[in-house]
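Note sheet for the following structure.
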Amino acid sequence: MTRIPDQPKRLRIVPISKLAAAPKWQLETLRALREPVFFWFTAGQGRITLGGSTRGVHPHNAIYIPPGTMYGFQAMTRTQGVALHMGDPTGLDLPETPLHLRLRDGSQHAEVAQIMDAIQRELEGAKDFAERAARHQIGLLAIWLERQRSSAGDDSPRGLSSTNANERLTARYSTLLERSFGSALNVGDYAQALGVTPTHLTRACRASCGRTALQLVQERRLYEARRLLSETDVPVQDIARNLGFSTPGYFSRAFSAHTGTAPSLYRKARGA
Numbered sequence: 017m018t019r020i021p022d023q024p025k026r027l028r029i030v031p032i033s034k035l036a037a038a039p040k041w042q043l044e045t046l047r048a049l050r051e052p053v054f055f056w057f058t059a060g061q062g063r064i065t066l067g068g069s070t071r072g073v074h075p076h077n078a079i080y081i082p083p084g085t086m087y088g089f090q091a092m093t094r095t096q097g098v099a100l101h102m103g104d105p106t107g108l109d110l111p112e113t114p115l116h117l118r119l120r121d122g123s124q125h126a127e128v129a130q131i132m133d134a135i136q137r138e139l140e141g142a143k144d145f146a147e148r149a150a151r152h153q154i155g156l157l158a159i160w161l162e163r164q165r166s167s168a169g170d171d172s173p174r175g176l177s178s179t180n181a182n183e184r185l186t187a188r189y190s191t192l193l194e195r196s197f198g199s200a201l202n203v204g205d206y207a208q209a210l211g212v213t214p215t216h217l218t219r220a221c222r223a224s225c226g227r228t229a230l231q232l233v234q235e236r237r238l239y240e241a242r243r244l245l246s247e248t249d250v251p252v253q254d255i256a257r258n259l260g261f262s263t264p265g266y267f268s269r270a271f272s273a274h275t276g277t278a279p280s281l282y283r284k285a286r287g288a
């Protein structure tokens, strides 16, 4: 059986406007990366589902997403800013939980902008030890994040500590789902592991992020299928098997129903 490749981990900065131009499924599907990501928004508006809840995104919002945390964006039109993909997080001492910081003070804006500019200069300058220098700047960013989190009060919207019961349950479900979406586990299995009924889990997911528990499973598997069909030459039958589908035929029908295109035609259209 062909080994399914992971998403690459590489230190880089990407304009958010470029991310916003990606296909809708790449933006809105809840998924997780295996590297930490930091978003700094300077203009425009949108919505992000993070930590089990959906929240608005506005200028001067800073969002940190640890590896393995499911997230998705909505309506990211005319947004500006940068996304820092941090690559291998080893030795960076970053926060373990997601953060959504709404920065109102001009000095805060200047601090984060200065760090991001320094990282970008190192990555674009191609000098000796550029990536090493950039990682030291990320260390400063990690300290900045911790300071911002510790200064937020309990009633501050900047953190994610004020989540309700539905959001906390959805976050726990999302964590389990990200670990096991390639298995044949169903919503009932996840609900049992979480100590709730499938109905309660579905109600919590819908209240938190507007999707049912089943939709989250289906969307995550099909997001990975699209990624593998677009970016790799892994055989369709191996993709089906590694994403928990009982047969390649069942996978093909589910993929076609969701996208309107058979897996083989989808891959051919994207030249993978």
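Residue numbering for the sequence shown follows this note's numbering, starting at 17 and increasing by one per position. Backbone N, C-alpha and C define an ideal beta-carbon position, used for all residues, glycine too.
Between Y282 and L238, the gap from beta carbon to beta carbon reaches 7 Å or more. For H116, the uninterrupted beta strand (DSSP E) segment begins and ends at 115–118. The continuous alpha helix (DSSP H) containing T186 extends over residues 181–196.
When rounded, the separation of the alpha-carbon atoms in Q231 and S196 is 15 Å.
F267 counts as buried, since no fewer than 16 other beta carbons sit within 10 angstroms of its beta carbon. Apart from sequence neighbours up to five positions away, the residues of its chain that approach A149 with a beta-carbon distance below 6 Å are E138, ordered along the chain.
Taking a 10 Å sphere around the C-beta of V53, we find 16 or more other C-beta atoms and assign the residue as buried.
Residue state for F89 is assigned as strand, using DSSP reduced to three classes. Residue range 69–73 is occupied by the beta strand (DSSP E) that includes R71. A Cβ-Cβ contact shorter than 7 Å links L119 with H76. Taking a cut-off of 8 Å for Cβ pairs, the region 185–203 and the region 132–146 do not touch, as fewer than three such pairs fall below it. The three-state secondary structure of H76, taken from DSSP, is coil.
Here L27 really is in contact with M102; their C-beta atoms are around 6 Å apart, less than 8 Å. With a cutoff of 7 Å on beta-carbon distance, G260 and S199 are scored as near each other. Collapsing the DSSP output to three states places R26 in coil.
Cβ neighbours of G84 within its own chain (closer than 6 Å, five residues either side excluded): A48, E194.
G68 is the residue among P214, I131, T106, G68 whose C-alpha sits nearest the C-alpha of F89.
The three-state reading of DSSP puts A99 in strand, counting E and B together.
In this chain, the beta strand (DSSP E) harbouring F57 covers 53–59. Rounded to the nearest angstrom, the gap between the Cα atoms of Q136 and F57 is 16 Å. Put simply, the backbone Cα of V128 is about 21 Å away from that of D104.
Judged by DSSP secondary structure, G204 falls within the alpha helix (DSSP H) whose first and last residues are 203–210.
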